[in-house]
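One structure is given below, encoded as structure tokens.
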Amino acid sequence: MIPLSSILGYEKCDRYLIFSGESALGDGFRAFLYFLGLAYCFIGLSAITARFFQSMENVVKHTRKVVEVDPVTKTETIRHEKVWNYTVADISLLAFGTSFPQISLATIDAIQNMGNLYAGGLGPGTLVGSAAFDLFPIHAICVVVPKAGELKKIADLGVWLVELFWSFWAYIWLYIILEVWTPNVVTLWEALLTVLQYGLLLIHAYAQDKRWPYISLPIARDERPEDWVPEETPYFKQEVYQKMNSSEIKHVREENRDTFDIFSIHSENPTVPQTDDEAEILDKAKETTLEDTHLLTIWRQQFVDALRLKNPEAKKLKNTYLLLVRIFWQLLLLPWRFLFAFVPPCQIAHGWVSFICSLLFISGIAYIVTKITELISCVTGINGYVIAFTALASGTSWPDLVASKIAAERQKTADSAIANITCSNSVNIYVGIGVPWLIDTLYNFIAYREPLRIQSAGGLSFSLIVFFCTSVGCISVLVFRRIIFGAELGGPRLWAWITCAFFMLLWIIFVVLSSLKVSGFI
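Heads up: take any position in the sequence shown, counting from 1, add 65, and you land on the working numbering.
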């Protein structure tokens, strides 16, 4: 059998992932195995995203006690206010966390490339490709996620416009660096300015949220929900709730048959309370559970849940084939879920320990993804930028997709769903490209007194132009939907699917043109 390397005209790849005997296998079979490994890593990213979100919600829900004393009566009033500002949480915790796979991959690529005058290709290519995936496919999914006829609009247009400005400016700034100021070269000061602009984004968005004079847009905003997402009921707590006052809850539900929780439709473990009576009953159960359940018990339950193949939703399936497919999927997830069960419970330190551990696991998976991607490029001869634009960008953007989908499903507004997209794109440039470039430019400046050179700057600049043009079409459609339907997400089912198809078409145009340019066909 003729090797794939001989057919496509490139040298045989002698590198390997686990054992040296891999190089003796056929190139086609090796590529197939590596693609399977890449897909399995993306499944792992999907699994750790759920744990990441649990910890992030605990962090955002943290409140502090504020005591106010009346100057006249000297009476004390105690109230609890959230520590985290909505807008800052969206830009920092949500956007930074969901972009962490791309940031980790780019940073690992930069560290491996230290000492080389030319920047690595995987990092920037993945981040620009991820920006396109965030803007087009994720918007496409979010548009059709709400139920038929349901409309979800951005409540704070001012904050969204600020985030959108900094998102567009990020890619304009990147083009200026690569093509205008110092073509094909990145200096230490350019890398440092890139990172500092993330701080400016945070300050500007916070100023807009607080409506600071002179620097904020005079745009009114609607009310946003109290929590980022409604609280869900973990499986081990459901068992306690079912034992407590089940007959009383049933009686209350019979009296309120017209009331239902719109969020429970999309939740794996639906939230039970909707009426005040039901909420009061289950609050008692919740307090009892938290008081009686030790943290070690919760941690042990994480391992039990990880090894559980059938959950309450699976038991409801009547179709045997669907049940088998679900069990097969649970078996695929089993190693990942067991591994991630070692992440401490979200109840420790308001979720910060779990949040940091989740990011560490994401970094580890990103490192493996980097190695597999290099091997795929080596074995198949496909340009590394092409893999970065397509498979790598799509896979590492999976947490972004899950984040926006959850927000679009369960929030009453479209703020967090769309803010995650625009802010993730900003984070991709200011942090995801800025930090790796800062590492390499600083090393090159100290060691060689030389700047960092970009080997495929022309292809990257071309991709930025294509992305900018197609993104104008995407944002224009969102504006038209706001004018015509009164909301960016949801609406009439037919028009939602037409919008979805248009956004996917824009993504295909970006991927095809960028791949052809980098491969030298145009």
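Even for Gly, the Cβ is constructed at its ideal location relative to N, Cα and C.
> How would you call residue 120, buried or exposed, if buried means at least 16 neighbouring beta carbons within 10 angstroms?
Replying inline: Counted from its first residue, the sequence shown places residue 120 at position 55. Burial call: buried.
>> Using a Cβ-Cβ cutoff of less than 7 Å, which residues in the same chain neighbour residue 405 once the five nearest sequence positions on both sides are dropped?
In response: The residue labelled residue 405 in the question sits at position 340 within the sequence shown. Excluding positions up to five away in sequence, the list reads 112, 113, 116, 426.
> My guess is that residue 431 and residue 170 are in contact by the Cβ rule of under 8 Å, so how many angstroms apart are they, rounded?
Replying inline: Along the sequence shown, read from residue 1 onward, the residue named residue 431 stands at position 366. Along the sequence shown, read from residue 1 onward, the residue named residue 170 stands at position 105. Contact flag correct, Cβ pair sits at about 4 Å.
>> Quick test of your reading: residue 103 and residue 456, contact by CB under 8 Å. State the CB separation rounded to the nearest angstrom.
In response: Residue 103 sits at position 38 when you count from the first residue of the sequence shown. Residue 456 sits at position 391 when you count from the first residue of the sequence shown. Yes, they are in contact, since the Cβ atoms of residue 103 and residue 456 sit about 7 Å apart, within 8 Å.
>> Measuring only the C-alpha atoms, how far is residue 473 from residue 210?
In response: The sequence position of residue 473 within the sequence shown is 408, counting from 1. The sequence position of residue 210 within the sequence shown is 145, counting from 1. Their Cα atoms are separated by approximately 7 Å.
> Straight-line CA distance for residue 279 to residue 268?
Replying inline: Here residue 279 refers to the residue found at position 214 when the sequence shown is read from its first residue. Here residue 268 refers to the residue found at position 203 when the sequence shown is read from its first residue. Roughly 14 Å between the two C-alpha positions.
> Should residue 581 and residue 539 be called a contact, given that it needs their Cβ atoms to be closer than 8 Å?
Replying inline: As a first step, residue 581 is located in the sequence shown; it is residue number 516 there, counting from the start. As a first step, residue 539 is located in the sequence shown; it is residue number 474 there, counting from the start. Going by C-beta atoms, residue 581 is not nearer than 8 Å to residue 539.
>> Considering only their Cβ atoms, is the gap separating residue 479 from residue 360 smaller than 8 Å?
In response: The residue given as residue 360 occupies position 295 in the sequence shown. The residue given as residue 479 occupies position 414 in the sequence shown. Taking C-beta atoms as the reference points, residue 360 and residue 479 fail to come closer than 8 Å.
> Three or more beta-carbon pairs under 8 Å between the stretch 127-145 and the stretch 435-442, yes or no?
Replying inline: Result no; under three Cβ-Cβ pairs closer than 8 Å.
> Rounded to a whole number of angstroms, what is the C-alpha to C-alpha distance between residue 50 and residue 482?
Replying inline: Lying outside 66 to 587, the shown extent of the chain, residue 50 is not represented and no answer is given.
>> Please list the terminal residues of the continuous alpha helix (DSSP H) segment that includes residue 439.
In response: In the sequence shown, residue 439 corresponds to position 374, counting from 1. Its alpha helix (DSSP H) spans residues 417-445.
> Excluding sequence positions up to five away, which residues of its chain have a Cβ less than 6 Å from the Cβ of residue 501?
Replying inline: Indexing the sequence shown from 1 puts residue 501 at position 436. Within the same chain, Cβ atoms closer than 6 Å to the Cβ of residue 501 are found at 171, 172, 175, 188, the five residues on either side in sequence being excluded.
> Quick check: the stretch 241-254 against the stretch 216-228, are there 3 or more CB pairs under 8 Å?
Replying inline: The answer is no - the stretch 216-228 does not touch the stretch 241-254, with fewer than three Cβ pairs under 8 Å.
>> Just to confirm the assignment: which complete beta strand (DSSP E) runs, minimum length 3, are found wholly within the stretch 89-174?
In response: You should have 128-134, 141-147.
>> Comparing C-alpha positions only, which one of 509, 584, 461, 487 sits nearest to residue 108?
In response: Within the sequence shown, numbered from 1, the residue matching residue 108 stands at position 43. The shortest Cα separation from residue 108 among 509, 584, 461, 487 belongs to 461.
>> Assuming residue 471 and residue 203 are in contact, meaning their beta carbons sit under 8 Å apart, how far apart are those beta carbons, in whole angstroms?
In response: Indexing the sequence shown from 1 puts residue 471 at position 406. Indexing the sequence shown from 1 puts residue 203 at position 138. The beta-carbon distance between residue 471 and residue 203, rounded to whole angstroms, is 12 Å. This is too long to meet the 8 Å contact definition.
> Which whole-angstrom value describes the C-beta separation of residue 124 and residue 158, a residue pair presumed to lie in contact below a C-beta threshold of 8 Å?
Replying inline: Your numbering for residue 124 matches position 59 in the sequence shown. Your numbering for residue 158 matches position 93 in the sequence shown. Between residue 124 and residue 158 a beta carbon distance of about 6 Å is seen, short of the 8 Å cut, so the two are scored as contacting.
>> Does residue 394 pass the burial test, meaning 16 or more other C-beta atoms within 10 Å, or should it be called exposed?
In response: Translated into positions along the sequence shown, residue 394 becomes position 329. Looking at its Cβ environment, which holds fewer than 16 other Cβ atoms inside 10 Å, residue 394 is exposed.
>> So for residue 558, helix, strand or coil by DSSP?
In response: Working through the sequence shown from its first residue, we reach residue 558 at position 493. In the structure shown, residue 558 sits in a helix (DSSP, three-state: H, G or I).
>> Taking only three categories from DSSP, how would you classify residue 513?
In response: The residue given as residue 513 occupies position 448 in the sequence shown. Of the three classes helix, strand and coil, the one that applies to residue 513 here is coil, per DSSP.
>> Only counting the same chain, and skipping five residues up and downstream in sequence, which positions put a Cβ closer than 6 Å to that of residue 556?
In response: Translated into positions along the sequence shown, residue 556 becomes position 491. Shown here for residue 556: same chain residues with a beta carbon closer than 6 Å to its own, the five before and five after excluded, namely 216, 550 in chain order.
> Nearest-angstrom Cα distance between residue 583 and residue 532?
Replying inline: To locate residue 583, count along the sequence shown from 1; it is residue 518. To locate residue 532, count along the sequence shown from 1; it is residue 467. Rounded to whole angstroms, residue 583 to residue 532 spans 14 Å at the Cα level.
>> Quick check on the DSSP output: the alpha helix (DSSP H) that includes residue 371 runs from which residue to which?
In response: In the sequence shown, the residue the question calls residue 371 occupies position 306. The continuous alpha helix (DSSP H) containing residue 371 extends over residues 360-371.
> Grouping DSSP H, G and I as helix and E and B as strand, with all else coil, what is residue 408?
Replying inline: For the purposes of this step, residue 408 is taken as residue 343 along the sequence shown, with counting starting at 1. DSSP, reduced to helix, strand and coil, places residue 408 outside both helices and strands of the structure shown, so it counts as coil.
>> Please classify residue 568 as buried or exposed, where buried requires at least 16 other C-beta atoms within 10 Å of its C-beta.
In response: Here residue 568 is taken as the residue at index 503 of the sequence shown, counted from 1. By the Cβ neighbour-count rule, residue 568 is buried, with 16 or more other Cβ atoms within 10 Å of its own.
>> Starting from residue 520, trace the alpha helix (DSSP H) in both directions and tell me its first and last residue.
In response: Here residue 520 refers to the residue found at position 455 of the sequence shown. First-last for residue 520: undefined, no H or E at that position.
> Tell me, which residues are paired with residue 216 by DSSP?
Replying inline: Locating residue 216 in the sequence shown gives position 151, counting from the first residue. Paired residue(s): 555.
>> Here's the rule I'm using: 16 or more other beta-carbon atoms within 10 Å means buried, otherwise exposed. How should residue 506 be labelled?
In response: The sequence position of residue 506 within the sequence shown is 441, counting from 1. Taking all protein chains in view, the Cβ of residue 506 is crowded by 16 or more other Cβ atoms within 10 Å, so the residue is classified as buried.
> Can you list, in chain order, the residues of its chain whose CB lies under 6 Å from that of residue 165, leaving out five sequence neighbours each side?
Replying inline: The count along the sequence shown starts at 1 and reaches residue 165 at position 100. The residues are 424, 427.
> Using the C-alpha atoms, what's the distance from residue 452 back to residue 93?
Replying inline: Here residue 93 refers to the residue found at position 28 when the sequence shown is read from its first residue. Here residue 452 refers to the residue found at position 387 when the sequence shown is read from its first residue. Answer to the nearest angstrom: the Cα atoms are 16 Å apart.
>> residue 367 and residue 410 - do their beta-carbons sit closer together than 8 Å?
In response: Mapped onto the sequence shown, residue 410 falls at position 345. Mapped onto the sequence shown, residue 367 falls at position 302. Closer than 8 Å, so yes.
> For residue 160 versus residue 534, is the C-beta distance shorter than 8 Å?
Replying inline: Indexing the sequence shown from 1 puts residue 160 at position 95. Indexing the sequence shown from 1 puts residue 534 at position 469. With respect to the 8 Å criterion, residue 160 and residue 534 are not classified as neighbours on the basis of their beta carbons.
>> Please tell me whether residue 31 and residue 563 are closer than 8 Å, where the distance is taken between their beta carbons.
In response: This structure cannot settle anything about residue 31, because the visible part of the chain is limited to 66 through 587.
>> My output table needs one value for residue 279: the three-state DSSP class, helix, strand or coil.
In response: Here residue 279 refers to the residue found at position 214 when the sequence shown is read from its first residue. Three-state result, residue 279: coil.
> From this set, 374, 271, 243, 416, which residue's C-alpha is nearest residue 530's C-alpha?
Replying inline: The residue given as residue 530 occupies position 465 in the sequence shown. The residue with the shortest Cα to Cα distance from residue 530 is 243.
> What residues in its chain sit with their C-beta under 6 Å from that of residue 149, if we drop five residues either side in the sequence?
Replying inline: Translated into the one-based positions of the sequence shown, residue 149 becomes position 84. Result list for residue 149: 125, in chain order.
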